[in-house]
Amino acid sequence: MKVKETLLSIATVLILCFLITFPTASAHTGGVFTIIVSENGVVPGNVQMLVNDTARWINVDDTNNVTHRIMVDFNSNGEYDDVDDFDSGNLTHQCEHINGTKVDENCNAYFDIPFNETYLNMSYFDIVKTYAFVDLVHNETSGITEKVYGNVTVNPDAHLTAGFQGTTSDNDKSEDKDEDETSNFLLLVAAASGIGAIVLGGMILFGNKE
């Protein structure tokens, strides 16, 4: 009976060692990357984000009789008005509300595109690429429309945080190397723990028989 209890305790410790060494990985749940649309242009113009993040263009241009319209070349064919492309419609800097409800349902001050598999109906790595977009700045008084171009690059979830550039520096490479060495060390510790538990269990089992 004592042997069974001892072996059960060893098995429990071994499982805990593996859980600590190999924690359950959690996928990037996604954040909102804000892109400011103003009379001075679009900031940032070149966006770096992750799969599952949402790109949100917010119009803060309060110039009279000026609207912005974001069009995204989703299929990357150089056109912005195909069936597969995204169109925000006209964005104004604010919409009138009464008791929290928009007076005009077609009025929008911002435009969202969630870059995830469900919304886009695409596989994870098909989403990973650069999407060109254009901001059509239309002046209703003069009738002139200016174009401001930009890009949204969607990266796989690998050591990036929503809203930050995905550049790799020497320090990043050094940190990755340290992480790899730590992982290898923990793997050795887990393996040694497993072997030790098996040997100890065998010694106890055979010792009890004798």
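Each residue of the sequence shown is one higher than the last, beginning at 1 in the UniProt record's numbering.
Glycine is no exception: its CB is placed at the ideal position from the N, C-alpha and C atoms.
Using CA coordinates, which residue listed in the options is at the minimum distance from residue i?
i      : options                       : result
Asn77  : Asp104, Phe33, Phe133         : Phe133
Asn90  : Thr54, Met122, Glu105, Ala158 : Glu105
Val37  : Leu50, Thr92, Gln48, Asp81    : Thr92
Asn46  : His138, Tyr131, Glu140        : Tyr131
Val72  : Thr63, Glu140, Ala55, Asp62   : Ala55
Thr67  : Asp135, Asn151, Ile98         : Asp135
Trp57  : Leu50, Asn65, Val42, Thr141   : Val42
Val148 : Asn108, Phe86, Pro44, Val128  : Pro44
Val60  : Val83, Gly100, Thr34          : Thr34
Gln94  : Gly31, Asn65, Asn52, Phe86    : Asn65
Gln48  : Glu146, Ser142, Phe115        : Phe115
Thr29  : Thr118, Val152, Glu146        : Thr118
Pro156 : Ser142, Ser123, Phe86, Ser88  : Ser123
Ala109 : Glu79, His138, Val32, Ser88   : Ser88
Asp53  : Asn151, Val32, Gly143, Asp126 : Val32
Asp62  : Val51, Val137, Glu146, Lys102 : Val137
Gly150 : Asn99, Glu39, Ile70, Asp84    : Ile70
Mapping the DSSP letters down to three states, classify residue i as helix, strand or coil.
i           : result
residue 223 : Because the chain in this structure spans residues 1 to 210, residue 223 falls outside the shown range and cannot be described.
Thr34       : strand
Ile144      : coil
Asp53       : coil
Val128      : coil
May I ask which residues mark the beginning and end of the beta strand (DSSP E) holding residue i?
i      : result
Thr63  : That residue, Thr63, is in no beta strand (DSSP E); it is neither H nor E in DSSP.
Ala158 : Per DSSP, Ala158 belongs to no beta strand (DSSP E) and is neither H nor E.
Gly41  : 41–43
Problem set entry | Complete beta strand (DSSP E) runs within the stretch 65–126 (minimum length 3 residues, chain order) | 66–73, 86–91, 110–114
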